[in-house]
Amino acid sequence: MGMTITEKILARAAGLDAVRPGQFLDCRVDQVASMDLQGKLVFNTIGSLGSEQLFDPARVAFTLDHQSPAQTVAIADVHAAIRQAAKKFEVKNLFDVGSGIMHVVMPERGLVLPGELVVMNESHTPTGGAMGAVVIGVGQTDAAVAAALGEIWLVVPATIRVNLRGTLREGVTTKDVALHLMSVLGYERKAIYKTIEIGGPGVKALSMDARFTITNYCSDMGAKSAIFEPDAVTLEYAAARAQRPFTPVCSDADCRYEEVVDVDLGALEPLLACPHALDNIHSVASQAGKAINEAFIGTCTNGRFEDLAAAAAIVRGRQVAPGVRFVVVPASREVYQRALKAGHIATLSEAGALVFPPGCGPCMGEHSGVLGAGEVAISSGNRNMEGRMGSPDSFVYLGSPQTVAASAVCGVITDPRKLAPLPQEEVAHA
């Protein structure tokens, strides 16, 4: 019997000809990464292991993204400790404040590549699987061992196959695909410690930005990893950024999937995850008219260039509704610079948006626009549990950047299909 993409990558990493779900492996890793919330602990653990060096300083990266820029002296001290340790261990890739979010920066910089096994110390690590790589999230101890020795133990996950068919309609995005999959697989229910493999004829029309949104969401379905079949789009993106050679792999025709899910892209509509659960999925139309206090576009889910471009197209010539805070946080410096050159940052600012430096922003409720008691936000982010973006008495709806932008200018939850971009002549006179 053949193997899935994930099984092939893990077999190669373990030095074996074949592996099967449930098998314990000792694998060599291609890349390790951590960030500010865990980075200091990872370095401390490396020290407690008695290690004086990393397995390869070019293959261990650290990103200061969650609490960036530092909002307290305590956080500033953590950042300083990470910088000092990175210098001591001769880390080649320290992405400092303003560089962006780890899950966006790592693929951008060619540090997650097709066919690789990558370990990161953060919960939304499966995002990088859009590259056709096995990208797995682990805790600080496993991350420290991987950074010091270049090895990690893993159990081969079973694979759920998702076939995308058809084409997305106007106003419907891969965020809506991700929300639909969440409604099918559930929050940490059917996909726990599984790989979600995404392919099918509908993938061909999806950009890399669009694919990262889907894999990002798979972590909260309980998946150990998520992976797209690498194709021409993947290889073009990877080849332009790669810092080392890579070898893409695809699943065998006779491989075994635990479950197969078919998704008709043309049948989907704009969706929301409503408070306070990621799998509390409803159509935007069913929630339309609910007042909001804040609209947020950003995060490792939907803070990429295409997300900002889509939001700018909707708000161009319009103004953010009175009483609404519209927070925009580009996911990386590359995203910010591209959006700046394209005029999208100016468009968003002219509409009344608050554009922050690249990073995680208010996603985890610590800075850059946290919510007060009773406040309602609509976010392009990935989590909406009680207290996620601030007060435990606030409410967070999750939707696409288009839905967020439309809601920002209307002041209430709005189906983006109801708010088409203004003709150029109307923009000129706005």
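Positions 63 to 492 (the working numbering) are the ones given, in order, by the sequence shown.
For each residue, glycine too, the CB sits at the ideal point set by N, CA and C.
Here DSSP, grouped into helix, strand and coil, assigns ASP204 to helix. Here ALA393 is not near PRO424, since their CB atoms are 8 Å or more apart.
Restricting attention to GLY328, SER245 and ALA300, the CA atom closest to the CA of VAL265 is found in GLY328. C-alpha of GLN381 to C-alpha of PHE457: approximately 24 Å in a straight line.
In terms of Cα proximity to LEU226, the closest of VAL390, ILE276 and TYR459 is ILE276. Between the alpha carbons of SER469 and ARG90 lies a gap of roughly 47 Å. DSSP places ASN183 outside both helix and strand once states are collapsed to three, so it counts as coil. Using a Cβ distance threshold of 8 Å, PHE117 and ALA147 do not count as a contacting pair. If one requires a minimum length of 3 residues, the beta strand (DSSP E) runs lying completely within the region 211 to 295 are 213 to 217, 221 to 227, 257 to 261 and 287 to 290, in chain order.
Here CYS89 is bridged, per DSSP, to ILE214.
The C-beta separation of ALA304 from GLY172 comes to about 5 Å, placing the pair in contact by the 8 Å criterion. Annotation for HIS406: no beta strand (DSSP E) segment contains it, though the alpha helix (DSSP H) segment containing it runs 406 to 412.
Look at the beta carbons and you see the region 205 to 220 touching the region 76 to 85: at least three pairs across the two are nearer than 8 Å.
Counting every other CB atom within 10 Å of its CB across the protein chains shown gives GLY385 a total below 16, marking it as exposed. Rounded to the nearest angstrom, the Cβ distance from ILE258 to ILE354 is 31 Å, too far for a contact under 8 Å. Of the residues assessed, GLY405 falls on the exposed side of the cut-off, its CB having fewer than 16 other CB atoms within 10 angstroms. Here DSSP, grouped into helix, strand and coil, assigns THR309 to coil. Using a Cβ-Cβ distance cut-off of 8 Å, the region 315 to 323 and the region 441 to 460 are not in contact, since fewer than three pairs of beta carbons, one from each stretch, lie closer than that value. Minimum Cα-Cα distance from LEU330 among the listed residues MET426, VAL140 and LEU241 corresponds to LEU241.
In the same chain as ARG145, and ignoring 5 residues on each side of it, the C-beta atoms closer than 8 Å to its own belong to LEU156 and ASP158, in chain order. Judged by DSSP in its simplified three-state form, LEU173 adopts coil rather than helix or strand.
Between the alpha carbons of GLY162 and VAL397 lies a gap of roughly 9 Å.
Contact annotation: the region 130 to 145 does not touch the region 369 to 380, with fewer than three C-beta pairs closer than 8 Å. With respect to GLY452, GLY436 sits apart: the two C-beta atoms are not nearer than 8 Å. Counting C-beta pairs closer than 8 Å gives fewer than three between the region 305 to 315 and the region 81 to 90, which falls short of the contact rule. Under DSSP, GLU321 takes part in a beta bridge, and its partners are ILE222. VAL135 counts as exposed, since fewer than 16 other beta carbons sit within 10 angstroms of its beta carbon. The beta carbon of LEU72 is closer than 8 Å to those of VAL81, LEU87, CYS89, LEU179, VAL196, LEU216 and VAL218 in its chain, skipping five residues each way along the sequence.
Note that the C-beta distance between TYR319 and ARG378 is not below 8 Å.
Within the region 447 to 472, the alpha helix (DSSP H) runs of at least 4 residues that lie entirely inside it are, in chain order, 463 to 472.
Residue GLY461 holds the alpha-carbon nearest to the alpha-carbon of LEU340 among GLY233, GLU412, GLY461 and LEU433. According to DSSP, LEU333 shares a beta bridge with SER345. Pairing VAL167 with GLY190 gives a Cβ-Cβ distance that is not under 8 Å.
The beta carbons of ARG231 and GLY284 sit no closer together than 8 Å. In the same chain as GLY101, and ignoring 5 residues on each side of it, the C-beta atoms closer than 6 Å to its own belong to PHE124 and ILE144, in chain order.
In the DSSP secondary-structure assignment, LEU433 is bridged to GLY452.
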